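In order, the protein sequences belong to chains L and V. According to this note's numbering, the first sequence is numbered sequentially starting from 1. According to this note's numbering, the second sequence is numbered sequentially starting from 1. Quick reminder that beta carbons are idealized off the backbone N, C-alpha and C, glycines included. Quantities reported herein were computed from a predicted structural model and do not represent experimental measurements. This report refers to the structure that appears directly beneath it.
There are 2 protein chains.
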Amino acid sequence: MDRFLSSAINRIDSKGRVSVPAHFRAVVQKRGYGDLYALRALDVPALDVGGLDLLDRYEERIALEDPFLQTADDMSFFCHGDGAFLKLDQDGRITVTDFLREHTGIEAEVAFVGRGTFFQMWEPSRLKAHGEAVRARLLRLRQAAAANRRGESE
Amino acid sequence: MDRFLSSAINRIDSKGRVSVPAHFRAVVQKRGYGDLYALRALDVPALDVGGLDLLDRYEERIALEDPFLQTADDMSFFCHGDGAFLKLDQDGRITVTDFLREHTGIEAEVAFVGRGTFFQMWEPSRLKAHGEAVRARLLRLRQAAAANRRGESE
DNA sequence: TGGGCGAATATGGGCGTCAACGGGATCGAT
DNA sequence: ATCGATCCCGTTGACGCCCATATTCGCCCA
């Protein structure tokens, strides 16, 4: 398996370390990621974590912008400057720095969520709330679509 | 790694010196930069620091301007005249001169921010404010794009 | 089908190394 | 002689390395 799938919650120890789920570590190795890179997600209190190829996508996008306009600068600032390296120690743990805690609200536990080509880190209770909100939105969407279809057929 | 990534905050000592993050120093060496060159960023209170190829970028920009107009002259003055060399001592520190403090408001601490091909130096609290502004702009961009897509599909 | 064994994983903590930091010593220019 | 810049060394604290323990889960066998 070469994609980040499913989720897990792990505890942060007294030294501020947390184990990355073994399954994720296997994917990291299979994909040949040396270092992990974490970005603060734009609209949710979560971190997007992946290899450096995570940046490639952003850099391609930036290349489409006029490099002398503000937007290109903002994008570069966001992906180059507002990220952090997560170094796996040889037991497969990373240290949770203030940089990570600030954006996510993480304190004692971390929820790891697979997202295919990358994974996310959440504060568990916020993840739960977010998950419920996502389900509610999708449900409304589905019901709205059904209502439209009934309306059209009349 | 050959790009300037992530960020760090370091203290200025009583002699006015500050350590350039070890990770950045490694990139400097890998890129073969002898001296570092610092330019005052145009629209933010930050310094753009990199090798002399940093100038290439600005010179390309100037080349796009009509040499008979004032803008080209202004730009040349800005990038050729308004920069400073930063010499790394053998512990990897630079001295923070008034030239650097003036434009940035730096006093006791320096925030180093990777930007891919170069890095920036900020006064930490100003960096924080700027970062939030950038995120807000990017979020608006994202939401505007989502609204467009909905609009098209109707 | 239930119990127990063993491997893999999560977790806790001691220890060495390195980077950031502080300050004395040296050199040179004014 | 003084000031400033550079070198050099010692200290400190954070982080990575290593090993020990615990807990979970799957597997095998009775």
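Distance, residue j Cα to residue i Cα
i, j, result
"His103 (chain L)", "Arg101 (chain V)", "29 Å"
"Ser6 (chain V)", "Leu86 (chain L)", "11 Å"
"Val20 (chain V)", "Asp82 (chain L)", "18 Å"
"Val27 (chain V)", "Gly51 (chain V)", "11 Å"
"Leu55 (chain V)", "Leu36 (chain V)", "11 Å"
"Glu154 (chain V)", "Asn148 (chain V)", "Bear in mind that the predicted position of Glu154 (chain V) carries a pLDDT of just 49, short of 50, making it too unreliable to give a figure here."
"Arg25 (chain L)", "Asp43 (chain V)", "42 Å"
"Leu39 (chain V)", "Gln120 (chain V)", "9 Å"
"Arg137 (chain L)", "Gln143 (chain L)", "10 Å"
"Gly105 (chain L)", "Pro124 (chain L)", "10 Å"
"Asp98 (chain L)", "Ala8 (chain V)", "12 Å"
"Ile12 (chain V)", "Asp91 (chain V)", "14 Å"
"Gln29 (chain L)", "Ala145 (chain L)", "42 Å"
"Phe118 (chain V)", "Gln70 (chain V)", "28 Å"
"Phe4 (chain L)", "Gly131 (chain V)", "29 Å"
"Glu60 (chain V)", "Ala129 (chain V)", "30 Å"
"Arg140 (chain L)", "His23 (chain L)", "34 Å"
"Ala84 (chain V)", "Asp53 (chain V)", "14 Å"
"Phe68 (chain V)", "Asp74 (chain V)", "11 Å"
"Leu127 (chain V)", "Leu64 (chain V)", "30 Å"
"Arg150 (chain L)", "Ala111 (chain L)", "41 Å"
Contacts around residue i, its chain only, beta-carbon distance under 8 Å, and the 5 residues preceding and following it disregarded
i, result
"Arg17 (chain V)", "Asp89, Arg93, Ile94, Thr95 and Val96"
Residues sharing a beta bridge with residue i, DSSP
i, result
"Ser19 (chain V)", "V:Arg93"
"Leu86 (chain L)", "L:Leu36"
"Ile9 (chain V)", "V:Ala111"
"Met75 (chain V)", "In DSSP, Met75 (chain V) forms no bridge with anything."
"Leu55 (chain L)", "Bridge partners of Leu55 (chain L): none, in fact."
"Asp98 (chain L)", "Asp98 (chain L) pairs with nothing; no bridge assigned."
"Glu120 (chain L)", "The identity of residue 120 (chain L) in the sequence shown is Gln, whereas the question assumes Glu. According to DSSP, Gln120 (chain L) bridges with L:Asp48 and L:Val113."
"Phe4 (chain V)", "V:Gly116"
Neighbourhood of residue i by C-beta distance below 6 Å, restricted to the same chain and skipping five residues each side
i, result
"Tyr58 (chain V)", "Cys79"
"Ala41 (chain V)", "Asp48"
"Tyr33 (chain L)", "Gly51"
Presumed contact (8 Å Cβ cut-off) between residue i and residue j, rounded CB distance
i, j, result
"Glu109 (chain V)", "Asn10 (chain V)", "7 Å"
"Val173 (chain L)", "Trp122 (chain L)", "Residue 173 (chain L) lies beyond the residue range present for chain L, which begins at 1 and ends at 154; the question has no answer from this structure."
"Ile62 (chain V)", "Ala72 (chain V)", "6 Å"
"Gly116 (chain V)", "Ser76 (chain L)", "6 Å"
Proximal residues to residue i (C-beta, below 7 Å), its chain only, five neighbours per side dropped
i, result
"Arg31 (chain L)", "Asp2 and Gly51"
"Asp66 (chain L)", "Ala72"
Check: residue i C-beta below 7 Å from any heavy atom of the ligand GDP
i, result
"Glu107 (chain L)", "Judged by which ligands are present, the structure shown has none, so any question about the ligand GDP falls away."
Note down, in chain order, all residues in the region 107-127 of chain V with a beta-carbon under 8 Å from any beta-carbon belonging to chain L.
Listed by position along the chain: Val113, Gly114, Arg115, Gly116 and Gln120.
Listed in chain order, which residues of the region 67-89 of chain L have Cβ atoms closer than 9 Å to some Cβ of chain V?
Within the region 67-89 of chain L, the residues whose Cβ lies closer than 9 Å to some Cβ of chain V are Pro67, Phe68, Gln70, Thr71, Asp73, Asp74, Met75, Ser76, Phe77, Phe78, Cys79, His80, Gly81, Asp82, Gly83, Ala84 and Phe85, listed in chain order.
Going along the region 40-54 of chain L in order, which residues come within less than 9 Å of chain V, judged by CB to CB distance?
Answer in chain order: Arg40, Leu42, Asp43 and Leu52.
Taking any Cβ of chain L, which residues in the region 6-21 of chain V have a Cβ under 8 Å from it, in chain order?
Result list: Ser6 and Ser7.
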